[in-house]
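**Q** The structure under discussion is supplied below as structure tokens; questions concerning it will follow.
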Amino acid sequence: MTTPNPLPDDTDTLKAALIETRAKLVGAQALIEHLQLVIAKMKRDMFGPRSERSQRLIDQMELQLEELVAAAKASPGKLNIGTINPGSTQNLAAELFVSTAGIKAAIVPFRTSPDMAGAVMRGDVDVAFEFYAALSGLLADTKIVALASTGAKRTAYLPDVPTVMESGITDYDVASWNGLSVPAGTPKPVIATLNAAMKDVIPGPDVQSKASQMGMAMRWSTPEDMTARMKADIAKWGAVIEKAGIAKRE
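Using this note's numbering, the first residue of the sequence shown is number 423, and each one after it goes up by one.
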């Protein structure tokens, strides 16, 4: 349902953790942080009110993603999906979902994650895409229900929640990531030294603990892997942006 992009403070915290943990590094590092997105929905009726008895029955069941897609196909254009601002990872994940699932839906962007969360809980939108970290409190309080995680594998934070692909929508894989880089022209031996240091630091309990608190799974990566991932994502999301008609920013 709702949660924000990783905040600058989160990034600062991770940097501090990396530096504190025997990382006497000058410059930048090579690192990927995977942030699983979550599709969530309140236990309430879809596409308008029903009778009290019908509403109670719906509240007692846990909606499955397959049922959401089936309802959207039965009532084209009536499903409302909340995201934050156009062009964000959450927004593009929703656009890709609509396209891949073959449904028609209205994607409603909000300025902030709290705004979107409030809209979900009020019933202004039926479902939303967000990061787990911003949703964890609402999920724990059962104010929202997680329908699926968007990565290729189930997230450790919601091990019982299936992925979108497990729910029958093939070829759907969205995992937000952050990378640490160095200025262009940095000598390769320097990059190799920094990368080797990161490989040693990232598995450390302090770093992993701080990442876990923010809903992140951190792993080491090579510069080549990160470059390939970046190129693949540019092509993937460029196609989504073009199909959705999202205005490009200069």
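Every residue, glycine too, gets a C-beta built ideally from N, C-alpha and C.
Since we're looking at a predicted model, the values are computed, not measured.
Counting beta carbon pairs with one atom in the stretch 514-527 and one in the stretch 653-666, are three or more of them shorter than 8 Å?
**A** yes
**Q** How many angstroms separate the CA atom of Arg576 from the CA atom of Ile591?
**A** 15 Å
**Q** Pop quiz: Thr505 and Phe553 are said to be a contact at Cβ under 8 Å. What is the actual Cβ separation, rounded to whole angstroms?
**A** The pair is not a contact, with the Cβ atoms about 11 Å apart (cut-off 8 Å).
**Q** Spell out the partners DSSP gives Ile529 in its beta bridges.
**A** DSSP output for Ile529 lists Ile503 as bridge partner(s).
**Q** What's the gap between the Cα of Val547 and the Cα of Leu560?
**A** One C-alpha to the other measures close to 16 Å.
**Q** Where are the alpha helix (DSSP H) runs, 4 residues long or more, that stay fully inside the stretch 545-574, in chain order?
**A** Counting whole runs of 4 or more residues, the stretch 545-574 contains the alpha helix (DSSP H) stretches 554-562.
**Q** Judging by CA-CA distance, which residue of Asp593, Lys632, Thr644 is the nearest neighbour of Thr615?
**A** Thr644
**Q** Name the residue from Ala578, Ala528, Val586, Ile663 whose alpha carbon lies nearest to the alpha carbon of Gln635.
**A** Ala578
**Q** Give the DSSP-derived three-state secondary structure of Gly601 in the structure shown.
**A** strand
**Q** Please look up how many angstroms separate the CB atoms of Lys500 and Ile525, rounded, as I've assumed it's under 8 Å.
**A** No, Lys500 and Ile525 are not in contact; Cβ-Cβ is about 10 Å, not under 8 Å.
**Q** Determine whether the beta carbon atoms of Ile624 and Met638 lie at a separation below 8 Å.
**A** no
**Q** Between which two residues does the alpha helix (DSSP H) containing Arg651 stretch?
**A** 645-666
**Q** Over what stretch of residues does the beta strand (DSSP E) that includes Ala639 continue unbroken?
**A** Bounds of the beta strand (DSSP E) holding Ala639 are 639-642.
**Q** When the distance is taken between beta carbons, is Val596 closer than 8 Å to Leu518?
**A** Their beta carbons are under 8 Å apart, which means Leu518 touches Val596 by this criterion.
**Q** Between Thr585 and Asn600, what straight-line distance do the alpha-carbon atoms span, to the nearest angstrom?
**A** 21 Å
**Q** Which word fits Met652, buried or exposed, when buried means at least 16 other C-beta atoms lie within 10 angstroms of its C-beta?
**A** So Met652 counts as exposed.
**Q** Between Ile566 and Leu557, how many whole angstroms is the CB-CB distance? I'm expecting something under 8 Å.
**A** 7 Å
**Q** Name the residue from Trp642, Lys610, Pro605 whose alpha carbon lies nearest to the alpha carbon of Gly619.
**A** The sequence as given places Ala at residue 619; Gly does not occur at that position. Ranking the options by Cα distance to Ala619, first place goes to Trp642.
**Q** Just verifying my parser: in three-state terms, what is the DSSP assignment at Thr585?
**A** strand
**Q** Figure out for me which residue from Gln630, Pro536, Ser589 has the closest Cα to the Cα of Glu488.
**A** Ser589
**Q** Distance check for Ala650 and Gln486, CA to CA, integer angstroms please.
**A** 34 Å
**Q** Report buried or exposed for Thr564, applying the criterion of at least 16 other Cβ atoms within 10 angstroms of its Cβ.
**A** exposed
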